[in-house]
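Residue numbers (this note's numbering): 199 to 731. Contents: one structure, followed by commentary.
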Ligand code: NOJ
């Protein structure tokens, strides 16, 4: 029997450092705060943490504007704290991933400051031009803020290229020194003991005239170099891509040969499943499995040595960039009725509010997360059904302090002032929604999610097994088998609000322990079952 690499069957937890736990009472989450709550994550069953950007940064883009790749933001602690976190996590059998942001730096990064002055070796570290019409086919991503991908720099007397905020100049990957520098950044953290990276904004590394400057062959070539370095020097570690692209383009980030699972992937071990995510919400709103079934067909097969990272929500808006304009309008109507809930081409809301705080629907979506192929990534706070605050600017409303208990500031911090306020409304406020209350309540969402995690970890085939969709006349019924050749699990989901009568083979319900069938079974509105047959 071959052992699977750890990340293929891991349960990931995306942890927003700034908002998770404040240990030094300054109102900002920090690394020691994470260490203090590792027991919670361990008891929850989490196998790996993905930390949001921890680097020094002026935080125009909440840390995705890095001003020093080799250090820790003083708000979050020190390099020594980082080492302590790695040791403490490893001691509990947990892994830690960090964000790697290779596409751009902050405009405050010394490399950019030197480049503006044409100081060697940094003169060509960024993409400079006299002409702001170059690469005109590249779209603008932060549509609500930026009108061009070029910004003028007075000091250098040239324009520089940026795919995100103007304070985030893109690095120039045509310069071999930039490529080397980024590989060295990776080595620095992996040498400290880090277990991998979630790699930000990978499609945009290179620019070429006459293209949309995304997914270029040159970009893939560099990513293969990254992977080759990892294989040679850190074979235990994982690379997870953030590529929000159409199915075929997303698949290419695994490398290998699309359509040929036996050809090993040679780019990312894992890709965040951006094609699937919005279709889960679409299928639920339409009470129709077909958006999910179609996208899964278009997104397979993947190399055998690869894995999807599936997710429901993250620290960004629910992106609708890759659905049709009609689908986007419809999704906005259904899921973002107020204009302030929209941002760029997406929806800035958390899971529970998106689903009207309907417990059945929330559980149903988590059930899909845990039973569809891939390793699930849980966004901090969604396990207790946290709310959001769409009055806050940018994406801050989905990055509010973790609600630990019903004491001051939700137990997140004892500071008087918090840069991001805790949620304190009657429905999602921390007096009602918090970890402590849910931990001791066997019927809470938190305990339900904990159960899902434990079953999912006991049945790795839910992450890696084959999937067989069962055809059925009722569109709201999404039934499929997951199997590893020896064990077979029947997963039933009712995406609609009417109960369904179905017939099942004999089996055991993995969540309740009940014996089932053979024979008729009622699946209530938004109900689901995981049945070992
Ligand atoms: C994707 C990150 O998830 C997002 O938060 C960030 O703003 C952009 N990349 C730019 O780094």
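Note that the Cβ used here is the ideal one computed from N, Cα and C, for glycine as well.
Three-state secondary structure (DSSP) of residue 242:
Indexing the chain shown from 1 puts residue 242 at position 44. Looking at residue 242 - three-state DSSP - the assignment turns out to be helix.
What's the C-alpha gap between residue 340 and residue 259?
Here residue 340 is taken as the residue at index 142 of the chain shown, counted from 1. Here residue 259 is taken as the residue at index 61 of the chain shown, counted from 1. The straight-line gap from Cα to Cα measures roughly 11 Å.
Can you grab the Cα-Cα spacing for the pair residue 398 / residue 301, in whole Å?
Sequence index remark: in the chain shown, residue 398 carries index 200 (1-based). Sequence index remark: in the chain shown, residue 301 carries index 103 (1-based). Whole-angstrom Cα-Cα distance: 7 Å.
Using the DSSP secondary-structure output, state which residues sit across from residue 718 in a beta bridge.
By 1-based counting over the chain shown, the position of residue 718 is 520. Residue 718 pairs with 701.
Quick check: does the Cβ of residue 299 come within less than 7 Å of any heavy atom belonging to the ligand NOJ?
Looking up residue 299 in the chain shown gives position 101. Under cutoff, so the answer is yes.
I'd like to confirm something about residue 399: is its beta-carbon nearer than 7 Å to some heavy atom of the ligand NOJ, or not?
Counting from 1 along the chain shown, the entry for residue 399 is found at position 201. Correct: residue 399 has its Cβ closer than 7 Å to the ligand NOJ.
Where the alpha helix (DSSP H) through residue 569 begins and ends:
The sequence position of residue 569 within the chain shown is 371, counting from 1. Start and end: 557 to 569.
Do residue 519 and residue 480 have their CB atoms nearer than 8 Å?
Taking the chain shown and counting its residues from 1, the one referred to as residue 519 is at position 321. Taking the chain shown and counting its residues from 1, the one referred to as residue 480 is at position 282. Not a contact, by the Cβ cut-off of 8 Å.
Give the secondary structure of residue 508 by DSSP, where H, G and I count as helix, E and B as strand, and everything else as coil.
Against the chain shown, residue 508 aligns to sequence position 310. Three-state result, residue 508: strand.
Residues bridged to residue 395 (per DSSP)
As a working mapping, residue 395 is identified with position 197 in the chain shown. Its beta-bridge partners are 296 and 437.
If you measure from the CB of residue 305, is any heavy atom of the ligand NOJ nearer than 7 Å?
Within the chain shown, residue 305 is the residue found at index 107, counting from 1. No, the Cβ of residue 305 stays beyond 7 Å of every heavy atom of the ligand NOJ.
Identify, in the order they occur along the chain, each residue of the same chain with its Cβ nearer than 8 Å to the Cβ of residue 210, setting aside the five sequence neighbours on each side.
Taking the chain shown and counting its residues from 1, one reaches residue 210 at position 12. Counting only Cβ-Cβ distances below 8 Å, and skipping sequence neighbours, we find 244, 245, 246, 247, 248, 295, 507, 573, 574, 575 and 576.
In the DSSP assignment, the beta strand (DSSP E) including residue 446 goes from what residue to what residue?
Start at 1 with the first residue of the chain shown, and residue 446 comes out as number 248. No beta strand (DSSP E) holds residue 446; the alpha helix (DSSP H) holding it covers 445 to 449.
Any idea if residue 687 is buried or exposed, counting beta-carbon neighbours within 10 angstroms, 16 or more meaning buried?
Translated into the one-based positions of the chain shown, residue 687 becomes position 489. Label assigned to residue 687: buried.
Sub-8 Å separation of residue 459 and residue 500 beta-carbons:
Residue mapping note: residue 459 aligns to position 261 of the chain shown, counting from 1. Residue mapping note: residue 500 aligns to position 302 of the chain shown, counting from 1. A contact, by the Cβ cut-off of 8 Å.
Beta-carbon proximity list for residue 648, same chain, < 7 Å, skipping 5 on both sides
Within the chain shown, numbered from 1, the residue matching residue 648 stands at position 450. 242 and 243, listed in sequence order.
Got a sec: does the ligand NOJ put a non-hydrogen atom nearer than 7 Å to the Cβ of residue 344?
On the chain shown, position 146 is the one that residue 344 refers to. Result no, Cβ not under 7 Å from the ligand NOJ.
Closer than 8 Å is the cut-off here; do at least three beta carbon pairs connect the region 406 to 416 with the region 279 to 291?
no
Neighbourhood of residue 268 by C-beta, 6 Å cutoff - its chain only, sequence neighbours within 5 removed:
By 1-based counting over the chain shown, the position of residue 268 is 70. Closer than 6 Å at Cβ, skipping near neighbours: 386.
Does DSSP classify residue 594 as helix, strand or coil?
The residue labelled residue 594 in the question sits at position 396 within the chain shown. It is helical.
Less than 7 Å separating the Cβ of residue 471 from some heavy atom of the ligand NOJ?
Counted from its first residue, the chain shown places residue 471 at position 273. No, the ligand NOJ has no heavy atom inside 7 Å of this Cβ.
Can you name, in chain order, every residue of its own chain whose Cβ lies under 6 Å from the Cβ of residue 679, other than the five neighbours on each side?
Start at 1 with the first residue of the chain shown, and residue 679 comes out as number 481. Closer than 6 Å at Cβ, skipping near neighbours: 666, 686 and 688.
Which partner residues does residue 544 have in the DSSP bridge list?
The residue labelled residue 544 in the question sits at position 346 within the chain shown. Note: residue 544 sits in a beta bridge opposite 517 and 541.
Can you look up residue 404 in the DSSP assignment and give me helix, strand or coil?
On the chain shown, position 206 is the one that residue 404 refers to. If DSSP states are grouped into helix, strand and coil, residue 404 belongs with coil.
If the criterion is Cβ atoms closer than 8 Å, does the pair residue 250 and residue 279 meet it?
In the chain shown, the residue the question calls residue 250 occupies position 52. In the chain shown, the residue the question calls residue 279 occupies position 81. The answer is no: Cβ separation not under 8 Å.
Could you pull the DSSP bridge partners for residue 575 from this structure?
Numbered from its first residue, the chain shown carries residue 575 at position 377. Answer by DSSP bridge pairing, in chain order: 210 and 509.
Starting from the Cα of residue 556, find the closest Cα among 714, 625 and 701 and give me that residue.
Taking the chain shown and counting its residues from 1, one reaches residue 556 at position 358. For residue 556, the nearest C-alpha among the options comes from 625.
Report yes if the C-beta distance between residue 544 and residue 570 is below 8 Å; otherwise report no.
Position 346 of the chain shown, counted from the first residue, corresponds to residue 544. Position 372 of the chain shown, counted from the first residue, corresponds to residue 570. No, Cβ-Cβ distance for residue 544 and residue 570 is not below 8 Å.
Spatial distance of residue 282 from residue 660 (CA atoms)
Here residue 282 refers to the residue found at position 84 when the chain shown is read from its first residue. Here residue 660 refers to the residue found at position 462 when the chain shown is read from its first residue. The alpha-carbon atoms of residue 282 and residue 660 are separated by roughly 33 Å.
State the DSSP-derived secondary structure class of residue 201, mapped to helix, strand or coil.
Position 3 of the chain shown, counting from 1, holds the residue named residue 201. Three-state result, residue 201: coil.
Does the count of Cβ pairs from the region 631 to 646 and the region 601 to 608 closer than 8 Å reach three?
yes
Below 8 Å, can you find three or more Cβ-Cβ pairs linking the region 323 to 339 to the region 357 to 373?
yes
Roughly how many whole angstroms lie between the Cα atoms of residue 366 and residue 658?
By one-based count along the chain shown, residue 366 stands at place 168. By one-based count along the chain shown, residue 658 stands at place 460. Each residue's Cα considered, the two are about 40 Å apart.
Residue 695 in three-state terms, based on DSSP
On the chain shown, position 497 is the one that residue 695 refers to. Reduced to three states, the DSSP call for residue 695 is coil.
Could you tell me which of 652, 451, 663 and 723 sits nearest to residue 240, measuring between CA atoms?
Here residue 240 corresponds to residue number 42 of the chain shown, with the count starting at 1. Out of 652, 451, 663 and 723, 652 has the C-alpha closest to the C-alpha of residue 240.
Run the CB neighbour count on residue 712, radius 10 Å, all protein chains shown included, and call it buried at 16 or more, exposed below.
Position 514 of the chain shown, counted from the first residue, corresponds to residue 712. Result: exposed.
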